[in-house]
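**Q** Just passing along the structure, written as structure tokens.
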Amino acid sequence: MLDVLAIATRNLLRYRRRTLLTLLLIVIGMVAVLLFIAVSGSFKSMMVGQITDSVLGHVQVHRKGYVASIDSLPLNLNMRPNMLAKLEETLDGNPAIAAWSPRIKFGGMYSNFAETTSIRINGIDPAREAATVPLLPGRLAEGDKKAALVERGQIVIPQLLARGMKSQIGDTVVIVATNKDGSVNGKTFVVRGILEPISGPGGRDGYIHIEDARELLRMTEEQVSEIVVRLKDFSKIDKTGAQLKAAVEGLTNKEGKPMLEVHDWTQLSPFANIAKMIDLMTLFIKIVLVSIVLVSVMNVMIMAVFERIREIGTIAAIGTPPSRILSLFLAEGLMLGVVGTLAGIVISLAAIWGINLRQPTFDFGQQKDLIMAPTIAACDVLTIAVLVLVVAVIASLQPAWKASRMDPIGALRHV
Amino acid sequence: MSLVSATSLTKTYRVGDIDVPAIKGVDFAIESSSFVAFVGPSGSGKSTLLNMIGCLDHPTSGTLKLLDTDIATLDRKAAAKFRGEHIGFVFQDFNLIPVLTVFENVEYPLRMVQKWPTEKRREQVMRLLEAVGMTDQADKRPDQISGGQKQRVAVARALVSNPKLVLADEPTANLDHDTAHRILELMKKMRDEFKTTFVFSTHDPKIMNEAEVTFTLEDGILRNGGHHA
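Structure follows, in structure tokens:
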């Protein structure tokens, strides 16, 4: 085998310029794919991390039918105390769950005594919320990030609302809301913090203490709109999410019908579709890479066979077995793949390192100055490398087969 | 027993709808360690005959035996194996592999066909290069040596695996007369040294006289049964 590889290398070096051009194409393809995977993958991970760790959590539990009407934040579809008691028992007994947090979600009017605007509010238990969506305090653009997110009588408002209403930390504001019975109530709050917006549902919500929410909505019992759940291992969300779904949706009412429904973040955030698009684009760019390698290697190997017909005739005449002739040409394709892959990996890793060194920033929606920090998993590099090598060998197969089946007499007569 | 024997050997090519006979029922025998020439004008069937003896082509009819093997029955793979083990080739255009050095060209059959161990391979190649007087050119590429030197290397390559038979199709056609004479002298010397049978084809009257046994072909028919010089 080493003999075959050594001769294949010599043959590739025979036409240096052509070999270099083919290698260049493979390297460009490799670098494009690996950089795209690194940049898009890290962007996706960052966005998914932000969405799940600062707003949505990994999984959410609602009363049956709530998510279908979620845009109107229906207070009449809040979970009742009897449901909550059963649910709490189920969640606390599940070893896959790291934390969970109850929320009361409602729409209200925000007034600074001069102007009024609408606001979506989450009533939260600050300690549970911090444990369930740990990046939420980090979104505070103004206000103490280390203290509890909200105490009784405090409100955290989104940055866009703060700018529009010219609200500042320490301002007193009024929240007016209608409860499920249509009764209107108002309550004053002190602005305790201003939150940076993020993309997706809940990314521009305000936060108050859950007890204030109950008071404002004149709730006579402990109702909640949703339970946000954080899993211990996000990578196992499909498996543990499904187990949780089965357990929670197994909780039934007196009629034996499920009371609750479970959704993971992909069912709640439109960014899941962007993530799918990124995956699809990654697939397409891989197909482009396969095409580049296939066409360039096949082209160079067809030329190699055509230009060396007499040589093939000679080695066949002196007794080289057809399988050895086949392996000689396959080895040339493989060598192109190996060298192109290695160079592609080295250049890609260097480019990723360079990008991380420069830390370029970008904007995404209302989110400004996000740092691009591309990373790539070893398994992704390995997958692409194997793909290129396999395609390079496949591309060489037809020309190599043709060479191995060549009639020595015809080949020796070739001019 | 003859090294090569042919009985009622024919070869007909099909060109479109027409059968073109190239060899028309020839009989001959070649003894071991002989120095044989097939001579005749272009198109007389010399190359066709050598190709059949060299297991590169199959006869249309008749029998052709080499080392008591009916080589007409060998399939593609078996024919390649048989050639690698028993036959050496010298070509008109030398046909050295341009990316390999002189040493590596001679080494090629041992390395890629017969897989000799490295040290044994090296000894054998150096022995052959010494025999053809090319030791000092061992590291050169084919494009760095003359035509005569290339043919010496080709002779060394043909002999390196100790074949019983070396076939040379017009081995001197691309060489000047003096060089051609020296190559034939070298081939004779190799025959004496290695006891290998040399069979070559030529249409050059000055060269054909170098052979010890001459078969004259005309239009696919043998005009003599092996004329001894």
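Order-wise, the sequence lines are chains A and B.
Start counting the first sequence at 1; every next residue gets the next number (my numbering).
Start counting the second sequence at 1; every next residue gets the next number (my numbering).
Just so it is clear, CB atoms sit at the ideal spot from N, CA and C, and this is done for glycine as well.
(1) Can you give me the start and stop residues for the alpha helix (DSSP H) that residue 358 of chain A sits inside?
(2) Enumerate, from N- to C-terminal direction, the unbroken alpha helix (DSSP H) stretches of 4 or more residues contained entirely within the segment 261–304 of chain A.
(3) So, helix, strand or coil for residue 15 of chain A, using DSSP?
(4) Can you list, in chain order, the residues of its chain whose CB lies under 6 Å from that of residue 48 of chain B, leaving out five sequence neighbours each side?
(5) Curious, which full-length beta strand (DSSP E) runs of at least 3 residues does the segment 119–146 of chain B contain?
(6) Can you tell me which residues form a DSSP beta bridge with residue 210 of chain A?
(7) Short check: CB of residue 275 of chain A to CB of residue 47 of chain A, under 9 Å?
(8) Can you give me, in chain order, the residues of the segment 41–64 of chain B that have a beta carbon less than 8 Å from any beta carbon in chain A?
(9) Tell me whether the segment 105–113 of chain A and the segment 161–176 of chain A touch, counting them as touching only if at least three CB pairs, one residue from each stretch, are closer than 8 Å.
(10) Distance, Cα to Cα, residue 251 of chain A vs residue 121 of chain A?
(11) Just to confirm before moving on: does the CB-CB distance between residue 340 of chain A and residue 395 of chain A stay below 9 Å?
(12) Hey, how far is the Cα of residue 188 of chain B from the Cα of residue 10 of chain A?
(13) Please state the DSSP three-state secondary structure of residue 186 of chain A.
(14) Report the residue from B:71, B:92, B:129, B:94 whose alpha carbon sits nearest the alpha carbon of residue 83 of chain B.
(15) For residue 91 of chain B and chain A, any beta-carbon pair shorter than 9 Å?
(16) Closest by CA to residue 292 of chain A, which one among A:265, A:337, A:268?
(17) Just verifying my parser: in three-state terms, what is the DSSP assignment at residue 78 of chain A?
(18) Please check the pair residue 418 of chain A and residue 247 of chain A, which I expect to be a contact at CB under 8 Å, by giving their CB distance rounded to whole angstroms.
(19) Return the Cβ separation of residue 30 of chain A and residue 345 of chain A in integer angstroms, given the expectation that the two are a contact with Cβ distance under 8 Å.
(20) Check whether the Cβ of residue 380 of chain A lies closer than 9 Å to any Cβ atom in chain B.
(21) Classify residue 263 of chain A: buried if its beta carbon has 16 or more other beta carbons within 10 angstroms, exposed otherwise.
(22) If I follow the unbroken beta strand (DSSP E) through residue 364 of chain A, where does it start and stop?
(23) If you draw a straight line from the C-alpha of residue 101 of chain A to the C-alpha of residue 88 of chain A, how long is it?
(24) For the putative contact between residue 147 of chain B and residue 174 of chain B, defined by C-beta atoms under 8 Å, what is the C-beta separation to the nearest angstrom?
(25) Work out the CA separation of residue 117 of chain B and residue 329 of chain A for me, nearest whole Å.
(26) Which partner residues of residue 424 of chain A appear in the DSSP bridge assignment?
(27) For residue 100 of chain B, go through chain A and note every residue whose CB falls closer than 8 Å to its CB, in chain order.
(28) Let's test the definition: count the other Cβ atoms within 10 Å of the Cβ of residue 18 of chain B and tell me whether it reaches 16, buried, or not, exposed.
(29) Taking the alpha-carbon of residue 74 of chain A as reference, which of A:65, A:81, A:82 has the nearest alpha-carbon?
(30) Quick check on this structure: which residue in A:203, A:306, A:8, A:128 has the alpha carbon closest to the alpha carbon of residue 229 of chain A?
(31) What did DSSP end up calling residue 107 of chain A once you bin it into helix, strand or coil?
(32) The alpha helix (DSSP H) spanning residue 49 of chain B covers which residue range?
(33) Mind checking if residue 95 of chain B is an interface residue toward chain A, Cβ cutoff 9 Å exclusive?
(34) Can you give me the Cβ contacts of residue 134 of chain A inside the same chain, cut-off strictly under 7 Å, excluding the 5 residues immediately before and after it?
(35) Is the Cβ-Cβ distance between residue 413 of chain A and residue 313 of chain A less than 9 Å?
(36) Alpha carbon to alpha carbon, how far is residue 41 of chain B from residue 100 of chain B?
**A** This is what the structure gives:
(1) The residue given as residue 358 of chain A occupies position 358 in the first sequence. The continuous alpha helix (DSSP H) containing residue 358 of chain A extends over residues 322–358.
(2) Counting only runs of 4 or more, we get 265–268.
(3) The residue labelled residue 15 of chain A in the question sits at position 15 within the first sequence. Residue state, collapsed to three classes: coil.
(4) Translated into positions along the second sequence, residue 48 of chain B becomes position 48. Hits under 6 Å: 11, 22, 23.
(5) Runs of the beta strand (DSSP E) lying entirely within the segment 119–146 of chain B, each at least 3 residues long, are absent.
(6) The residue labelled residue 210 of chain A in the question sits at position 210 within the first sequence. DSSP lists no beta-bridge partner residue for residue 210 of chain A.
(7) Locating residue 275 of chain A in the first sequence gives position 275, counting from the first residue. Locating residue 47 of chain A in the first sequence gives position 47, counting from the first residue. The beta carbons of residue 275 of chain A and residue 47 of chain A sit closer together than 9 Å.
(8) Against chain A - using a Cβ distance shorter than 8 Å - the residues of the segment 41–64 of chain B are 51, 54, 56, 57.
(9) Contact between the segment 105–113 of chain A and the segment 161–176 of chain A is present, because at least three Cβ pairs lie under 8 Å.
(10) As a working note, residue 251 of chain A is residue 251 in the first sequence. As a working note, residue 121 of chain A is residue 121 in the first sequence. Rounded to whole angstroms, residue 251 of chain A to residue 121 of chain A spans 28 Å at the Cα level.
(11) Within the first sequence, numbered from 1, the residue matching residue 340 of chain A stands at position 340. Within the first sequence, numbered from 1, the residue matching residue 395 of chain A stands at position 395. Going by C-beta atoms, residue 340 of chain A is not nearer than 9 Å to residue 395 of chain A.
(12) Residue numbering aside, residue 188 of chain B sits at position 188 when the second sequence is read from its first letter. Residue numbering aside, residue 10 of chain A sits at position 10 when the first sequence is read from its first letter. Pairing residue 188 of chain B with residue 10 of chain A, the inter-Cα distance amounts to about 34 Å.
(13) On the first sequence, position 186 is the one that residue 186 of chain A refers to. Of the three classes helix, strand and coil, the one that applies to residue 186 of chain A here is strand, per DSSP.
(14) The residue labelled residue 83 of chain B in the question sits at position 83 within the second sequence. If you compare the alpha carbons of B:71, B:92, B:129, B:94 with that of residue 83 of chain B, the shortest gap goes to B:71.
(15) Taking the second sequence and counting its residues from 1, the one referred to as residue 91 of chain B is at position 91. Residue-level contact by beta carbon holds for residue 91 of chain B and chain A, with a gap shorter than 9 Å.
(16) Numbered from its first residue, the first sequence carries residue 292 of chain A at position 292. Closest option to residue 292 of chain A, Cα to Cα, is A:337.
(17) Within the first sequence, the letter at position 78 stands for residue 78 of chain A. In this structure, residue 78 of chain A counts as coil in the three-state DSSP scheme.
(18) Since the displayed chain A opens at 1 and closes at 415, residue 418 of chain A lies outside it and no answer follows.
(19) Translated into positions along the first sequence, residue 30 of chain A becomes position 30. Translated into positions along the first sequence, residue 345 of chain A becomes position 345. Approximately 7 Å separates the beta-carbon atoms of residue 30 of chain A and residue 345 of chain A; this is inside 8 Å, confirming the contact.
(20) Taking the first sequence and counting its residues from 1, the one referred to as residue 380 of chain A is at position 380. Under the Cβ criterion of 9 Å, residue 380 of chain A is not counted among the residues facing chain B.
(21) Residue 263 of chain A sits at position 263 when you count from the first residue of the first sequence. With 16 or more other Cβ atoms within 10 Å, it is buried.
(22) As a position in the first sequence, residue 364 of chain A is number 364, starting the count at 1. Its beta strand (DSSP E) spans residues 361–364.
(23) Translated into positions along the first sequence, residue 101 of chain A becomes position 101. Translated into positions along the first sequence, residue 88 of chain A becomes position 88. Roughly 10 Å between the two C-alpha positions.
(24) Within the second sequence, numbered from 1, the residue matching residue 147 of chain B stands at position 147. Within the second sequence, numbered from 1, the residue matching residue 174 of chain B stands at position 174. Contact between residue 147 of chain B and residue 174 of chain B holds: their C-beta atoms lie close to 6 Å from each other, under 8 Å.
(25) To locate residue 329 of chain A, count along the first sequence from 1; it is residue 329. To locate residue 117 of chain B, count along the second sequence from 1; it is residue 117. The alpha-carbon separation between residue 329 of chain A and residue 117 of chain B amounts to approximately 24 Å.
(26) This structure gives no information on residue 424 of chain A, because the portion of chain A shown stretches from 1 to 415.
(27) Counting from 1 along the second sequence, the entry for residue 100 of chain B is found at position 100. Those within 8 Å of residue 100 of chain B in chain A are 7, 10.
(28) In the second sequence, the residue the question calls residue 18 of chain B occupies position 18. Within a 10 Å sphere around the beta-carbon of residue 18 of chain B sit fewer than 16 other beta-carbons, which makes this residue exposed.
(29) Here residue 74 of chain A corresponds to residue number 74 of the first sequence, with the count starting at 1. Closest option to residue 74 of chain A, Cα to Cα, is A:65.
(30) Locating residue 229 of chain A in the first sequence gives position 229, counting from the first residue. Of the listed residues, the one whose Cα sits closest to residue 229 of chain A is A:128.
(31) As a working mapping, residue 107 of chain A is identified with position 107 in the first sequence. Three-state result, residue 107 of chain A: strand.
(32) Translated into positions along the second sequence, residue 49 of chain B becomes position 49. For residue 49 of chain B, the uninterrupted alpha helix (DSSP H) run begins and ends at 46–53, by DSSP.
(33) Locating residue 95 of chain B in the second sequence gives position 95, counting from the first residue. Chain A has a Cβ within less than 9 Å of the Cβ of residue 95 of chain B.
(34) Within the first sequence, numbered from 1, the residue matching residue 134 of chain A stands at position 134. Cβ within range, chain order: 53.
(35) Position 413 of the first sequence holds residue 413 of chain A. Position 313 of the first sequence holds residue 313 of chain A. With respect to residue 313 of chain A, residue 413 of chain A sits close: the two C-beta atoms are nearer than 9 Å.
(36) Against the second sequence, residue 41 of chain B aligns to sequence position 41. Against the second sequence, residue 100 of chain B aligns to sequence position 100. Going by the C-alpha atoms only, they are around 35 Å apart.
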